[in-house]
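K.L.:
I'd like to ask you about the structure that follows.
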Amino acid sequence: MAFLSDTLARVKPSPTIAVTTKAAELKAAGKDVIGLGAGEPDFDTPQNIKDAAKRAIDQGKTKYTAVDGIPELKKAICAKFLRENGLTYAPNQITVGTGGKQILYNALMATCNPGDEVIIPAPYWVSYPDMVLLAGGTPVTVAAGIETQFKLTPAQLEAAITPKTKWFIFNSPSNPTGAGYTRAELRALCDVLMRHPQVWIMTDDMYEHLVFDDFEFTTPAQVEPGLYDRTLTCNGVSKSYAMTGWRIGYAAGPVHLIKAMGTIQSQSTSNPCSVSQYAALEGLTGPQEFLTHNKALFQRRRDLVVGMLNQAKGITCPTPEGAFYVYPDISGCIGKTSAAGTKIVDDEAFATALLEETGVAVVFGAAFGLSPNFRVSYATSDDALREACSRIQQFCEQLT
Ligand code: PLP
12 MAFLSDTLAR VKPSPTIAVT TKAAELKAAG KDVIGLGAGE PDFDTPQNIK
62 DAAKRAIDQG KTKYTAVDGI PELKKAICAK FLRENGLTYA PNQITVGTGG
112 KQILYNALMA TCNPGDEVII PAPYWVSYPD MVLLAGGTPV TVAAGIETQF
162 KLTPAQLEAA ITPKTKWFIF NSPSNPTGAG YTRAELRALC DVLMRHPQVW
212 IMTDDMYEHL VFDDFEFTTP AQVEPGLYDR TLTCNGVSKS YAMTGWRIGY
262 AAGPVHLIKA MGTIQSQSTS NPCSVSQYAA LEGLTGPQEF LTHNKALFQR
312 RRDLVVGMLN QAKGITCPTP EGAFYVYPDI SGCIGKTSAA GTKIVDDEAF
362 ATALLEETGV AVVFGAAFGL SPNFRVSYAT SDDALREACS RIQQFCEQLT
């Protein structure tokens, strides 16, 4: 009898870990490494949020709470959805979990049966397909490449839907591309979904607040109220409020789904950390100026990185609407040989050679299901970005 479960055989460890481990090894060996792999803001959680957490500890708010969130936080989340998205939800339509990741996992565990298909546009956040597999469903990935600015077209969505489709996972702005769908683009996808009442929409709005220029963030249930009863609107405080380590994510949706997700959580982790919930409450109800400041900072870095990468030979880097990632295409580098003699057969070879020869750590595109590309997280200082991009330019210049 095998010790490890068959479920485990269906999934793989996060491919991004290999890059991070290698970068850490090189750093430990004294090499000058610039990490552009981390998917988190490089600044600290705002002081008012930290203070709220300290107060919660001092006031003894350190016990078990309601499994899927304290009532005050659920109320604040309802207010957030109304204020920012024009969506009306009651507290019993809200669930709070240990990060956006647990929210998505709970939803898939609560709904996927063998044979159920989940449509995932590629490139995708690395966890979506593996979570679907863990939940016993079948991921159906659809490539949305550079030719459509990494956005799924209505025709592609229509073609991917079958009678077995249970969910469509939508992520805008996206990890790893930063691509954000305009209201009109989302409207067109919603029109397709309206024709297929068996399909539910799991929208991952984690990067809602990080949108640039005059881009307007919208979410499916807001654009098409007809989808409200089959949409799970997922969000969290990790990226917006620089709270990745606090582990608070949340979602809103139909009561029966929210209840089912709570059941999964009650038999796995129980409540998310009590202190973190009070911190998130302050994040959502306290001063919001922080968000505007961060947007301006990230927009400046985006422009810096896009400008410099487009000057690198063989690289094409579209300008994304949001998040803190760019996803340049490296078709022009494939088949060449690096200065140290590595054949660039694919994007993994590119990222490995780039790290070994220049000390710049990026994540290769195959990890996100669309090649040949790599992902840069520009959540690091302007100086580090400038230096990293100039090393990438040199690396590409020397390819023969
Ligand atoms: N969704 C997307 C698109 C993400 O990029 C991430 C984190 O990288 C998450 C969800 C998970 O967020 P959390 O850290 O709150 O679990």
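In my numbering, the protein residues as written are 12 to 411. Cβ atoms here follow ideal geometry from the backbone N, Cα and C, with glycine treated the same way.
1) Looking at P132 and F181, is the spacing between their C-beta atoms short of 9 Å?
2) Going by Cα to Cα distance, which pick from A390, A271 and D17 is closest to Y336?
3) Consider the C-beta atom of Q113 and the heavy atoms of the ligand PLP; say whether any pair is separated by less than 8 Å.
4) Quick check: does the Cβ of W178 come within less than 8 Å of any heavy atom belonging to the ligand PLP?
5) Is T244 helix, strand or coil by DSSP?
6) Using C-beta distances below 8 Å, list every residue in its chain close to W136, excluding the 5 sequence neighbours before and after it, in chain order.
7) T391: beta carbon under 8 Å from a heavy atom of the ligand PLP?
8) Report back the beta-carbon spacing between P165 and V203 to the nearest angstrom; my notes put them in contact at under 8 Å.
9) Among S25, M217 and G256, whose alpha-carbon lies nearest the alpha-carbon of I114?
10) Is G260 a contact residue of the ligand PLP, with contact defined as CB to any heavy atom under 8 Å?
11) In chain order, what are the residue ranges of uninterrupted beta strand (DSSP E) at least 3 long that sit wholly in the region 104 to 175?
12) Taking DSSP as the reference, what is the three-state secondary structure of F412?
13) So, for A90: in the same chain, excluding its five sequence neighbours on each side, which residues have a beta-carbon less than 8 Å away from its beta-carbon?
14) On the premise that I269 lies in contact with T106, defined as a C-beta separation below 8 Å, what is that separation, rounded to the nearest angstrom?
15) Between G97 and the rest of its own chain, which residues show a CB-CB distance below 6 Å, the 5 nearest in sequence each way excluded?
16) Quick check on the DSSP output: the beta strand (DSSP E) that includes G294 runs from which residue to which?
17) Out of curiosity, what's the CA-to-CA distance linking Q404 and V316?
18) Terminal residues of the continuous alpha helix (DSSP H) containing I10?
P.N.:
With the structure as the only source:
1) yes
2) A390
3) yes
4) no
5) strand
6) N182, S185, N186, P187, D215 and F379
7) no
8) 5 Å
9) M217
10) yes
11) 105 to 108, 128 to 133 and 149 to 154
12) It is not possible to answer for residue 412, since the shown part of the chain is limited to 12 through 411.
13) L295 and T296
14) 5 Å
15) Q233
16) First-last for G294: S285 to T296, but that is the alpha helix (DSSP H), not the beta strand (DSSP E).
17) 11 Å
18) Residue 10 cannot be examined here, being either before or after the span of the chain that is shown, 12 to 411.
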